[in-house]
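Asker: Residue numbers (the numbering used here), protein chains in the order written: chain A, 1326 to 1676; chain B, 1326 to 1676.
From the three backbone atoms N, C-alpha and C, an ideal C-beta is built for every residue, glycine too.
There are 2 protein chains.
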Amino acid sequence: MKNGRKNSPVRAPAVPDGRGKSETSGEFAIIARYFAPLATNPAALGLLDDAAVLSIPEGQELVATCDTIIAGVHFLTNDPPDTVGYKALSVSLSDLAAKGARPYVYLLSVALPDLPKPPWLEAFVMGLQMAQERSGIELVGGDTCATLGPLTITVTAIGMLPQGESVLRRGAMGGDRLYVSGTIGDAALGLKLLRAPWLEVEWGLSPDEGAFLVDRYRCPSARTALALPLRQCARAAIDVSDGLVGDTAKLCTASGVSATIEAARVPLSSPAAKAVAKKRELLAELITAGDDYEIVAAMEASHASGFEKEAQDHGVTVTAIGEVVAGSGEVTVVDKEGRPLKLDRTGFTHF
Amino acid sequence: MKNGRKNSPVRAPAVPDGRGKSETSGEFAIIARYFAPLATNPAALGLLDDAAVLSIPEGQELVATCDTIIAGVHFLTNDPPDTVGYKALSVSLSDLAAKGARPYVYLLSVALPDLPKPPWLEAFVMGLQMAQERSGIELVGGDTCATLGPLTITVTAIGMLPQGESVLRRGAMGGDRLYVSGTIGDAALGLKLLRAPWLEVEWGLSPDEGAFLVDRYRCPSARTALALPLRQCARAAIDVSDGLVGDTAKLCTASGVSATIEAARVPLSSPAAKAVAKKRELLAELITAGDDYEIVAAMEASHASGFEKEAQDHGVTVTAIGEVVAGSGEVTVVDKEGRPLKLDRTGFTHF
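1) Counting contacts by CB-CB distance shorter than 8 Å, is B:E1463 in contact with chain A?
2) Leaving out five residues on either side along the sequence, give the residues of the same chain with a beta carbon under 6 Å from the beta carbon of A:S1594.
3) Report the partner residues of A:T1479 according to the DSSP bridge assignment.
4) Closest by CA to A:P1367, which one among A:V1378, A:R1358, A:P1592?
5) Can you tell me which of A:A1636, A:R1560, A:I1462, A:P1545 puts its alpha carbon nearest to the alpha carbon of A:S1491?
6) If you draw a straight line from the alpha carbon of A:E1348 to that of A:D1375, how long is it in whole angstroms?
7) Are the Cβ atoms of A:A1584 and A:G1672 separated by less than 8 Å?
8) Tell me the residue span of the alpha helix (DSSP H) that contains A:T1657.
9) Does A:Y1618 come out as helix, strand or coil in the three-state DSSP assignment?
10) From the beta carbon of A:D1511, is the nearest beta carbon of chain B less than 8 Å away?
11) Count the other C-beta atoms from every protein chain shown that fall within 10 angstroms of the C-beta of A:G1489, then say buried if there are 16 or more, exposed otherwise.
12) At 8 Å on the CB atoms, spell out the chain A contacts of B:E1386, in chain order.
13) DSSP three-state call for A:M1624: helix, strand or coil?
14) For the ligand COA, any of its heavy atoms closer than 7 Å to the Cβ of A:E1527?
15) Identify the contact partners of A:K1424 in chain B, using a Cβ-Cβ distance below 7 Å as the criterion.
16) So what does DSSP say about A:T1297, is it helix, strand or coil?
17) So, does the CB of B:D1420 fall closer than 8 Å to a CB anywhere in chain E?
18) Put A:E1662 into one of helix, strand or coil per three-state DSSP.
19) In chain B, which residues lie less than 8 Å from A:Q1457 when you measure between Cβ atoms?
20) At a Cβ threshold of 8 Å, is B:V1591 touching chain A?
21) List the endpoints of the continuous beta strand (DSSP E) containing A:E1490.
22) Give every residue of the same chain whose Cβ lies closer than 6 Å to the Cβ of A:T1393, excluding the five residues on either side of it in the sequence, and list them in chain order.
23) Taking only runs of the alpha helix (DSSP H) that begin and end inside the region 1479–1543 of chain A, which ones reach a length of at least 4 residues, in chain order?
24) Considering only C-alpha positions, which residue in the set A:S1546, A:V1409, A:A1597 is nearest to A:L1611?
25) List, in chain order, every chain A residue whose beta-carbon is nearer than 7 Å to that of B:S1434.
26) Could you work out which residues of chain A lie near B:P1596, taking near to mean beta carbons separated by less than 7 Å?
27) So, using beta-carbon positions, are A:Y1411 and A:I1483 closer together than 8 Å?
28) Mind listing the chain B neighbours of A:P1272? Cutoff is C-beta to C-beta under 8 Å, in chain order.
29) Tell me the residue span of the alpha helix (DSSP H) that contains B:L1611.
30) With a threshold of 8 Å, are at least 3 pairs of Cβ atoms found where one atom belongs to the region 1572–1589 of chain A and the other to the region 1423–1438 of chain A?
31) Cutting at 7 Å between CB atoms, please list the residues of its own chain near B:G1663, excluding the five before and the five after it.
32) Quick one: Cα of B:F1632 to Cα of A:F1449, how far?
33) Step through the CB atoms of chain B and report whether any lies within less than 8 Å of the CB of A:S1415.
34) I'd like to know whether the C-beta atoms of A:T1408 and A:G1371 end up nearer to each other than 8 Å.
35) What did DSSP end up calling A:E1383 once you bin it into helix, strand or coil?
36) Compare the C-beta of B:V1398 against all C-beta atoms of chain A and say whether one is closer than 8 Å.
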């Protein structure tokens, strides 16, 4: 773990810092006090070195992914700090799950606009801790520094799996069944509620139902448990973070196929279903909005029931939403009568 | 490589983006056009997937490090974009070298304040490319997104070395010789010149000498070539990014020893020596300033001449600057008469 650029010792050096900061204050103390307890893996060297040293068991390979979340872009500036820590790790864990990898270790870069107060740091670390406990991943290194801009967090997550077993975006074939985990659109509705709380009443939701949707936006849980079923059954998979339709299109493009999704089959939570029942036009939004952190997978029809069972055994519900067809990256969403829906967009882009 | 949170396909999806952006524009196009050519390693999957898949040869282990650089904090907002790209990678390569690791692959997160113009992107990528070519590292993944703050770049670099051969901060012992690579303080002087160009004349430097110092600030070169000599000879090492004295203190703290550095032995470039000759008080600043990206190593006296020769054979000059003594993390800098120098600080901290 670095202070700005370097890892930090816990003890103060003999020569005091002229600017009234020693290595027991500032980012050194933050690392030692708040982040070091997250770094129990010996590879982390207690966050006391320049880098982590990782041993890889024979026959295993690594999956590495890197995600940045920024206040005001990927989360709201007033989101509670524990949810920010939880989300920072979940977005990368979601990628590992989609590739079929077991979480192993991560590096964390935190650029802080100010020296945060202890309660903020405690809550932020608690969020990371919770995501660690649920996934089994451990902190092994990173960087803590000051920024003139908003809070910016980058997680590089490294997962592990047996050599040659990773599930990629490419590999789907015409005739494959298309599955998605969990429910789609909750996070998009949660974000809408945070911006316009009166929508809760408009959509006919109870406060608990509203809170459920907000929680799905702030605290997405990666489908870590789906890694093994994916490795066993799927030909291709992708995690849904920029929108179901757009991300499915990415899988299709990488696989050189197209896909049809039946809108009525897209799994909705009960609050989301209520909202859509009140406002039909929400559906198109929900299947093209981001932040779901669910997983879309394509597999041979013969693997479909096995996948459903395996997923269920691992505590995840998966739903067949359509099929893969010949084509070149097109995703068509059809209604119950098979008529294509017109969508204004397919997913989230930054620029 | 992700767009915001996800990797991107190169081809456009069939459904156009409602906001007038398709996957051939925005961050998708940036990744495909500018970053994909840096990602020639098969592990990168052409930056077309959620994550990279890394195979590790038997008997090797990995060294992983993560560094963020931010406009206005770690580099100047008007630094040329090629130097920003070069520096972003060099700061992490420096950590790998200090641990004795051969550069392998890296993940790159770029948070952009605006959609940058093609010439900016071309130059930025050229800087990354140059650092790749000089070190042998290759891009395998990352994230490109928008920020409301300054340009923020995070590099997670992964190196490789034979199992059990990494050089850590801990391990130095009383009686060890202390070495440093290259020259110290050039970057600190370069930064001063960028902020106050008239100092060039005050220090009696030619424009070429001034440019040399500025280049050492903007384009630090990691001592990748020193990785093998360090593995062969050093008991402990650290890279100097926050100041020679402070970083040596970190090595000492991790090793449970102290150290004495002879100020007169600290290697200075000819422009730095000129500046110090004009302004003696600069010396204390140079040995406590950051951005050197040189390497401090401790080794048995019997390995000293072998290390000097090995380093020279790999094109790096190393200089004996002092010795390790019993103690608990104190670094004493002494003058020619052995009198301790008083320092206002030991190194850079963020808060």
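Answerer: The answer reads as follows:
1) Here residue 1463 of chain B is taken as the residue at index 138 of the second sequence, counted from 1. Answer no: the Cβ-Cβ gap between B:E1463 and chain A never drops below 8 Å.
2) Walking along the first sequence from the start, residue 1594 of chain A turns up at place 269. Excluding residues within five positions, the ones whose Cβ falls inside 6 Å are T1508, D1511.
3) The residue labelled residue 1479 of chain A in the question sits at position 154 within the first sequence. DSSP, once it has assigned bridges, lists A:T1393, A:S1434 as partnering A:T1479.
4) Locating residue 1367 of chain A in the first sequence gives position 42, where the first residue counts as 1. Nearest of A:V1378, A:R1358, A:P1592 to A:P1367, Cα basis: A:V1378.
5) On the first sequence, residue 1491 of chain A is found 166 positions in, with the first residue counted as 1. Nearest of A:A1636, A:R1560, A:I1462, A:P1545 to A:S1491, Cα basis: A:R1560.
6) Here residue 1348 of chain A refers to the residue found at position 23 of the first sequence. Here residue 1375 of chain A refers to the residue found at position 50 of the first sequence. Legend: pLDDT at A:E1348 = 40, less than 50; position of this residue unreliable, value from coordinates given subsequently. Take the alpha-carbon of A:E1348 and the one of A:D1375: they are about 16 Å apart.
7) Numbered from its first residue, the first sequence carries residue 1584 of chain A at position 259. Numbered from its first residue, the first sequence carries residue 1672 of chain A at position 347. No, the pair does not count as a contact, with Cβ atoms beyond the cut-off.
8) Start at 1 with the first residue of the first sequence, and residue 1657 of chain A comes out as number 332. Run containing A:T1657: none in the alpha helix (DSSP H); it sits in the beta strand (DSSP E), 1656–1659.
9) Residue 1618 of chain A sits at position 293 when you count from the first residue of the first sequence. DSSP places A:Y1618 in coil when its eight states are reduced to three.
10) On the first sequence, residue 1511 of chain A is found 186 positions in, with the first residue counted as 1. Not closer than 8 Å to any Cβ of chain B, the Cβ of A:D1511 fails to qualify, so no.
11) Walking along the first sequence from the start, residue 1489 of chain A turns up at place 164. Exposed, because fewer than 16 other Cβ atoms sit within 10 Å of the Cβ of A:G1489.
12) Residue 1386 of chain B sits at position 61 when you count from the first residue of the second sequence. V1378, L1379, S1380, I1381, listed in chain order.
13) Along the first sequence, read from residue 1 onward, the residue named residue 1624 of chain A stands at position 299. Strand, per DSSP.
14) As far as ligands go, the structure on display features none, and thus does not contain the ligand COA.
15) Along the first sequence, read from residue 1 onward, the residue named residue 1424 of chain A stands at position 99. The answer, in chain order, is D1375, A1376.
16) Since the first residue shown for chain A is 1326 and the last is 1676, residue 1297 of chain A is missing from the structure and cannot be characterised.
17) Absent here is chain E; the protein component of the structure consists of chains A and B.
18) Taking the first residue of the first sequence as position 1, residue 1662 of chain A is located at position 337. Of the three classes helix, strand and coil, the one that applies to A:E1662 here is coil, per DSSP.
19) Taking the first sequence and counting its residues from 1, the one referred to as residue 1457 of chain A is at position 132. Under the 8 Å cutoff, chain B gives no residues; its nearest Cβ is about 17 Å from A:Q1457.
20) Against the second sequence, residue 1591 of chain B aligns to sequence position 266. So no, B:V1591 is outside the interface.
21) Taking the first residue of the first sequence as position 1, residue 1490 of chain A is located at position 165. Looking at the DSSP string, A:E1490 is not in any beta strand (DSSP E), and its letter there is neither H nor E.
22) For the purposes of this step, residue 1393 of chain A is identified with residue 68 of the first sequence, where counting begins at 1. Taken in chain order, the residues that qualify are T1479.
23) Fully contained in the region 1479–1543 of chain A are the following alpha helix (DSSP H) runs of length 4 or more, in chain order: 1511–1520, 1524–1527, 1532–1543.
24) Counting from 1 along the first sequence, the entry for residue 1611 of chain A is found at position 286. Checking every option, the nearest Cα to that of A:L1611 belongs to A:A1597.
25) If you number the second sequence from 1, residue 1434 of chain B lands on position 109. C1391, T1393, T1479, listed in chain order.
26) For the purposes of this step, residue 1596 of chain B is taken as residue 271 along the second sequence, with counting starting at 1. Here the premise fails: no neighbours, minimum Cβ distance about 24 Å.
27) As a position in the first sequence, residue 1411 of chain A is number 86, starting the count at 1. As a position in the first sequence, residue 1483 of chain A is number 158, starting the count at 1. No, these two residues do not count as a Cβ contact at 8 Å.
28) Nothing can be reported for residue 1272 of chain A: it is not among the residues displayed for chain A, which extend from 1326 to 1676.
29) Here residue 1611 of chain B is taken as the residue at index 286 of the second sequence, counted from 1. Element bounds for B:L1611: 1607–1611.
30) Result no; under three Cβ-Cβ pairs closer than 8 Å.
31) In the second sequence, residue 1663 of chain B corresponds to position 338, counting from 1. No residues qualify anywhere along the chain.
32) Numbered from 1 along the second sequence, position 307 holds the residue referred to as residue 1632 of chain B. Numbered from 1 along the first sequence, position 124 holds the residue referred to as residue 1449 of chain A. Their backbone Cα atoms lie some 45 Å apart in a straight line.
33) Numbered from its first residue, the first sequence carries residue 1415 of chain A at position 90. No - not a single Cβ of chain B is within 8 Å of the one on A:S1415.
34) Taking the first sequence and counting its residues from 1, the one referred to as residue 1408 of chain A is at position 83. Taking the first sequence and counting its residues from 1, the one referred to as residue 1371 of chain A is at position 46. Cβ distance not < 8 Å, so A:T1408 and A:G1371 don't count as in contact.
35) In the first sequence, the residue the question calls residue 1383 of chain A occupies position 58. In the displayed model, A:E1383 falls within coil according to three-state DSSP, outside both helix and strand.
36) As a first step, residue 1398 of chain B is located in the second sequence; it is residue number 73 there, counting from the start. Chain A contact via Cβ: present.
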